[in-house]
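Residue numbers (the UniProt record's numbering): 1 to 405.
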């Protein structure tokens, strides 16, 4: 039986998605890096690095690579592309020739994490380099952004209409940030160009009926237009291999993840999410009046913290009046009490403990479901049960938290 020998096929694509160079080499990461260096060296004498994209295809059997008897572009679309599609071969993450040239100029490997665009963008020299390339060789290809998570992948155009549609989707994900009930999900944003016509036509498909007056609205999203995010409007995730990840957000029941997502996308926070986010903050950091009362929402659980908040204010006044004293006047004990109260509410009403959803607890405990509610839907019975559990979670004696004046 013949032993299969894997091989790599490297393809250089121009901005018009035409194959300009194809090479068959020994399989491996080092072989691809050598090919990248060759391509960078070939354009070193030019005043600008072309906006080419380098693809890496791994064939498990070198004999399965079609023979080449036509021009480069005809061979790619006529023989090579059907071959790797038929064999279910997916390209490795694409590499930008410009990014590779800049990474190599800094002594970085273009295939290392430090050589990726999201890391290079932190260097001011990289931004000046890309601006120079854009001015010298402008690329008129439209830009698209894809947002992907466990909820699917949606495509948006970089137009006023597309940006507003993308804002609506980010608001949609903000409203469901805690409702997905996941401990380790990630939402990523990709920038893409030169998409196939079939994929490009899926951009902004979430808009069912567009109203032009939305373009003049001060609201960053769509107010009068109708839109929805359903399964038939998603694009295949395989398209993302041609793009560059520009942002990534962790989706989990943690305050810092929620705050970063909201701040990064400038979305609005509902009353229910404000209640839950505030509890997560208190459970980790202690009580802070500026977080509980943000001026827009009324904290639904504020009565549980009213006594602690009052004592903390007295404690702050005592500390201000005795700046030279090293005594904390019970501040640490009060904040620990606030953390315990918040943790108790999270555990009983939201089924969250230590930044994780208690899935096993919810399924195994016979009375757990009656204490789990979505933000803003708690009944009087659930609230009384929460108060009863909180009384048991508080310290038996209040002397430790007393303020000594």
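Idealized CB from N, CA, C, for every residue including glycine.
Tell me whether residue i sits in a helix, a strand or coil according to DSSP, three-state version.
{"i": "residue 74", "result": "helix"}
{"i": "residue 397", "result": "Confidence is the limiting factor: at residue 397 the pLDDT is only 37, short of 50, which leaves the residue's position unreliable and the question unanswerable from this model."}
{"i": "residue 56", "result": "strand"}
{"i": "residue 159", "result": "coil"}
{"i": "residue 128", "result": "helix"}
{"i": "residue 192", "result": "strand"}
{"i": "residue 310", "result": "helix"}
{"i": "residue 33", "result": "helix"}
{"i": "residue 173", "result": "helix"}
{"i": "residue 245", "result": "strand"}
Per DSSP, which residues does residue i bridge with? Please list them.
{"i": "residue 335", "result": "Beta-bridge pairing links residue 335 to no other residue."}
{"i": "residue 356", "result": "353"}
{"i": "residue 149", "result": "152"}
{"i": "residue 207", "result": "227"}
{"i": "residue 10", "result": "23 and 56"}
Please report the straight-line C-alpha distance between residue i and residue j, rounded to a whole angstrom.
{"i": "residue 127", "j": "residue 94", "result": "20 Å"}
{"i": "residue 109", "j": "residue 227", "result": "43 Å"}
{"i": "residue 351", "j": "residue 147", "result": "28 Å"}
{"i": "residue 72", "j": "residue 280", "result": "57 Å"}
{"i": "residue 264", "j": "residue 170", "result": "10 Å"}
{"i": "residue 34", "j": "residue 7", "result": "15 Å"}
{"i": "residue 152", "j": "residue 78", "result": "31 Å"}
{"i": "residue 121", "j": "residue 96", "result": "13 Å"}
{"i": "residue 201", "j": "residue 156", "result": "10 Å"}
{"i": "residue 236", "j": "residue 353", "result": "35 Å"}
{"i": "residue 276", "j": "residue 258", "result": "10 Å"}
{"i": "residue 59", "j": "residue 87", "result": "8 Å"}
{"i": "residue 69", "j": "residue 75", "result": "7 Å"}
{"i": "residue 12", "j": "residue 268", "result": "43 Å"}
{"i": "residue 124", "j": "residue 189", "result": "22 Å"}
{"i": "residue 199", "j": "residue 346", "result": "43 Å"}
Let me know if residue i comes out buried or exposed under the rule of 16 or more other beta-carbons within 10 Å of its beta-carbon.
{"i": "residue 310", "result": "exposed"}
{"i": "residue 283", "result": "buried"}
{"i": "residue 53", "result": "buried"}
{"i": "residue 18", "result": "exposed"}
{"i": "residue 105", "result": "exposed"}
Going by beta carbon distance, what residues of the same chain come within less than 6 Å of residue i, once the five residues before and after it are set aside?
{"i": "residue 83", "result": "66"}
{"i": "residue 61", "result": "4"}
{"i": "residue 160", "result": "215"}
Spatial neighbours of residue i within its chain, please: C-beta separation below 7 Å, excluding the five flanking residues on both sides.
{"i": "residue 23", "result": "10 and 35"}
{"i": "residue 2", "result": "none"}
{"i": "residue 342", "result": "279, 282 and 283"}
{"i": "residue 114", "result": "108"}
Beta-carbon within less than 8 Å of residue i's beta-carbon, same chain only, minus the 5 sequence neighbours each way: which residues are those?
{"i": "residue 238", "result": "90"}
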